[in-house]
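Quick note, the sequence shown lines up with residues 105 to 171 if you use our numbering.
Even for Gly, the Cβ is constructed at its ideal location relative to N, Cα and C.
Quick caveat: nothing in here was measured; it's all calculated off a predicted structure.
One structure below.
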Amino acid sequence: MEKKRLTELEIRVTFQEKLIEELNEVLIKQQSQLDCLQKDLDAVREQLRLLPFTLAPSGDDPLPPHY
Numbered sequence: 105m106e107k108k109r110l111t112e113l114e115i116r117v118t119f120q121e122k123l124i125e126e127l128n129e130v131l132i133k134q135q136s137q138l139d140c141l142q143k144d145l146d147a148v149r150e151q152l153r154l155l156p157f158t159l160a161p162s163g164d165d166p167l168p169p170h171y
């Protein structure tokens with residue numbers, strides 16, 4: 105009876121080790137995706153930060169006709 109219990113525990117440990125490895129691989133992949141998304145977000149923020157300067161009217165533009 106004791107040997108059967110030990111075998112079952114070994115099977116459980118083996119299963120848990122495999123599961124931990126798989127979860128670790130998923131976590132590594134997600135971290136890589138998160139890093140990529142953060143880089144993209146930083147680029148978009150920089151573009152938005154510069155946007156008012158590119159859209160700001162210059163002082164050389166003539167006034168519209170209704171002025």
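Simplified DSSP state of residue i, which is helix, strand or coil
i	result
Pro156	helix
Leu167	coil
Near the ligand FAD: residue i beta-carbon under 7 angstroms from a heavy atom
i	result
Ala147	As presented, the structure is devoid of all ligands, the ligand FAD included, so that no description of it is given.
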